[in-house]
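See below for the structure under consideration.
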Amino acid sequence: MTKPDLEQLKRWISRAAITAAATLAVAVVVFVLLWRDRPSLDDINWTPYPSNESAPGAVTVTWLGVSTLLFDDGDTQVLIDGFFSRPTLADVLLGRPVDSNAATINYALDVWSMRRLAAIIPVHSHYDHAMDVGAIANRTSASILGSETTANIARGQGVPEDQIAVVENGGEFAFGQFTVTMIPAPHAPIGWGGSVPYAGTVDEPLATPAAVSSWREGQSFSIVLAHPHGTTLVQGSAGFSSGALDLLQADVVMLGVGLLQKLGKKYAEQYWQAVVTTTGANHVIPIHFDDFTQPFGEVRLLPGFIENIVDVAGWLEEFRDGWDQDADLHLPEFGKPIALYPREQVVE
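FYI, the numbering for the sequence shown is 19 to 366, going by my numbering.
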């Protein structure tokens, strides 16, 4: 190669590098702008949940972000998921090893007085549901209910076997006056080509720290919490099987809507019919709509280019008006207990 040719090649490489750097810079700016552009819950004009006058033994539920729900009847507490640690977006994208955050877990257990916790029940075993089950169980006497995958997550954190109950093909369990029924259900097909992200099982105790991809789905469940005062269905993931809930009647549905928009309006309507219309619920409370890479306690919606919950809320209103006009839609408020059932349903 002659000297002029070499100089020309150097100039070409320099221009290409400058162009690539400029393109990358523009892409970063565009991503940051899109990431910051988020819908607002203020644009959803739903009525607050009825202010049911608390009676002795009234059942409350407290939403603590994503699909973490604390049920409490004054004597017994049941925790769905219990996801407090919140790995960051960088942790997730870069596959950095993560572990339960002791300070955040201690804070949550203290502020929401989880001193009567009988059970911890993840809807499935992805990290945004089951990451903290072991750390919570080790701080309480609560039992962990879930699949063998959930059990291996707990074992990896040193939870004693007598605090672990493996649910095979569903099952019914009693905790105080709560009767918990676990119904196997599919995860929402939100992955590439209708797949499930991080599918599969954890077949041995999961040692942590680990990348979030290490928390595999295992088995997903519809979780029914029946109480003498009323019945609530927790559908943490927007997956469903036609006919699976045909024999269930529920007063309240906690409806997982994570990435429901991605699945399309037709799918969403079928999901509504299978979960809400079938069970005859009078109240529907969406969950799993927030950005779970944010710190615990900071409720932010996902960026609009990923999911616009305001549009999804419009769909839900249409489905309610078309199929279940007696049902009301409500948004949960982080950390604020809701008395679920009217006073006249309370059996003294």
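Don't be surprised by glycine CBs; every beta carbon is placed ideally from N, CA and C.
| field | Which residues DSSP lists as bridging Met-200, in chain order | value | Gly-189, Ile-241
| field | Where the beta strand (DSSP E) through His-147 begins and ends | value | His-147 -> not in any beta strand (DSSP E); alpha helix (DSSP H) instead, spanning 145 to 148.
| task | Give me whichever residues DSSP pairs with Ile-305 in a beta bridge. | result | Gly-274
| message | Since Thr-455 and Glu-166 should fall inside the 8 Å C-beta cutoff, what is the C-beta to C-beta distance between them, to a whole number of angstroms? | response | Outside the displayed range of the chain (19 to 366) lies residue 455, so it cannot be described from this structure.
| query | Which whole-angstrom value is the C-beta distance of Val-275 and Val-317, which I expect to be below 8 Å? | reply | Going by Cβ atoms, the distance from Val-275 to Val-317 rounds to 14 Å, so no, they are not a contact pair.
| query | Does DSSP put Leu-334 in a helix, a strand or coil? | reply | helix
| query | What's the C-alpha gap between His-348 and Asn-300? | reply | 11 Å
| said: If distances are taken between C-alpha atoms only, which option among Trp-81, Arg-157, Ile-305, Ala-35 comes closest to Ala-121? | reply: Arg-157
| Buried/exposed call for Thr-86, threshold 16 Cβ in 10 Å | buried
| message | Does Ser-232 pass the burial test, meaning 16 or more other C-beta atoms within 10 Å, or should it be called exposed? | response | buried
| query | In chain order, what residues of the same chain lie with their CB nearer than 6 Å to the CB of Asn-119, ignoring the 5 residues before and after it? | reply | Ser-103
| Would the segment 167 to 185 and the segment 57 to 69 be scored as touching if the rule is three or more Cβ pairs under 8 Å? | no
| query | Relative to the alpha-carbon of Arg-195, which residue among Lys-283, Gly-75, Pro-304 has its alpha-carbon at the smallest distance? | reply | Per the sequence presented here, residue 195 reads as Gln, with Arg not at that position. Minimum Cα distance to Gln-195 is reached at Gly-75.
| With burial defined as no fewer than 16 other Cβ atoms inside 10 Å of the residue's Cβ, what is the status of Ile-182: buried or exposed? | buried
| Less than 8 Å separating the beta-carbons of Ala-345 and Ser-259? | no
| task | Could you tell me which of Leu-97, Asn-326, Arg-29 sits nearest to Gly-164, measuring between CA atoms? | result | Leu-97
| query | In angstroms, rounded to a whole number, what distance separates the CA positions of Arg-338 and Ser-161? | reply | 36 Å
| task | Pull up the CB-CB distance for Val-302 and Gln-253, whole angstroms please, since I reckon it's below 8 Å. | result | Not confirmed; about 10 Å, so no contact.
| Buried or exposed by the 16-neighbour rule on C-beta atoms within 10 Å, applied to Ser-213 | exposed
| query | Does the beta-carbon distance from Gln-237 to His-306 come in below 8 Å? | reply | no
| said: Quick check: the Cα distance between Gly-282 and Glu-336, rounded to an integer number of angstroms? | reply: 14 Å
| query | Got a sec: is the Cβ-Cβ distance from Val-177 to anything in chain D below 8 Å? | reply | Note that chain D does not occur in the displayed structure, where there is just one protein chain.
| Cut-off 7 Å between Cβ atoms - residues of its own chain near Asp-308, not counting five sequence neighbours on either side | Gly-83, Val-84, Val-317, Arg-318, Leu-319
| Element boundaries [beta strand (DSSP E), containing Ala-137] | 135 to 139
| request: In angstroms with no decimal places, state the Cα-to-Cα distance between His-245 and Arg-234. | output: 31 Å
| request: Could you pull the start and end residues of the beta strand (DSSP E) that Ile-162 belongs to? | output: 161 to 164
| message | For Phe-352 and Phe-314, what's the separation of their Cα atoms in angstroms? | response | 10 Å
| task | Confirm, please, whether the CB-CB distance from Gly-100 to Val-184 is below 8 Å. | result | no
| query | Between which two residues does the alpha helix (DSSP H) harbouring Val-84 extend? | reply | Premise fails: Val-84 is in no alpha helix (DSSP H) and is neither H nor E.
| First and last residue of the alpha helix (DSSP H) that includes Ala-153? | 151 to 157
| message | Please classify Ile-31 as buried or exposed, where buried requires at least 16 other C-beta atoms within 10 Å of its C-beta. | response | exposed
| Who are the Cβ neighbours of Thr-94 in its own chain at under 7 Å, not counting the five residues just before and after it? | Arg-134, Ala-136, Phe-193, Gly-194, Gln-195, Phe-196
| field | C-alpha gap between Thr-20 and Leu-111, whole angstroms | value | 45 Å
| Can you tell which of Thr-226, Gly-211, Gly-189 has its C-alpha closest to the C-alpha of Ile-241? | Gly-189
| task | Let me know if Ser-255 comes out buried or exposed under the rule of 16 or more other beta-carbons within 10 Å of its beta-carbon. | result | buried
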